[in-house]
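Just so we're aligned, residue 0 is where the sequence shown starts under numbering that gives the first Met the number 0, counting upward by one. First comes the structure, then the notes that go with it.
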Amino acid sequence: MTTGAQTFLDLAPLLDLVDLVIFGDSLVQAESTTLAELRTATEEWRGSAAARARQAARMVRADVESPMETRLRLLIVLAGLPEPTVNHRLCAPDGTLVCRLDLAYVEHRLGVEYDGRHHAESPDQWRRDVRRREYLDGRSWRLVVVIGQDFFADPADILRRVCDAARSVGMPMPEPKNVWRRYFRASPHGAVDDSD
């Protein structure tokens, strides 16, 4: 048995940057380590892939609920776009949680969501999603929804959609850089993983 932070270090030479961040996000979500512990461990470590481990640790976030949310955030960040807030919570006036957004540019009321297959296959989830979108529409939130087929078929199109939506709400958005292409490629056969 090792600590979560040590396991992160052990896997750094074996995983690429995106997969290592996904793993780090899951460790923090499972409370196997904290952001502070992970960052301290990587700063002190001198092993193979130490630079990758440090970079990944700086990109790990708390409150991430699925690997695909991490992938979507990293696609945006590695394209050089502003980093969105993770799991932004919207509450009623009495403080009751109404909904949360996977990724949000809060100041501009722009949300970016990853919807797995269950969002379409579960009638209860679909009903909740419709109500949630009505709530967001009523509060002038713009929403970009990404599904697995979009993600694996054409990541460049996702970036275009996010940039277009950002500009439509008055958010300054640079042209995407190409760093993301090292880690995200369109599947030649449109293979889809629609899981969360």
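Every residue gets a Cβ at the ideal spot worked out from N, C-alpha and C, and that includes glycine.
Between A4 and T32, the C-beta gap is smaller than 8 Å, which places the two residues in contact.
By a beta-carbon distance limit of 8 Å, L19 contacts A55. Their separation comes to about 4 Å. Of the candidates T95, I146, P81 and D24, I146 places its Cα closest to the Cα of D114.
Closest in C-alpha terms to A11, from the list V27, S47 and E30, comes S47.
A direct Cα-to-Cα measurement between L89 and S65 gives close to 19 Å. In the structure shown, the three-state DSSP call for R184 is coil. In the structure shown, A103 falls within a strand segment according to DSSP collapsed to helix, strand and coil.
Taking one beta carbon from each stretch, the region 157 to 171 and the region 90 to 100 have fewer than 3 pairs nearer than 8 Å; the two do not touch. When the five nearest sequence neighbours on each side are left out, the beta carbons in the same chain lying within less than 7 Å of the beta carbon of A61 are those of V27 and L34, in order along the chain. Contact check for R57 against R72 fails: the beta carbons are separated by 8 Å or more.
Where D114 is concerned, the enclosing beta strand (DSSP E) starts and stops at L109 to D114. D163 and T2 have their C-alpha atoms spaced approximately 43 Å apart.
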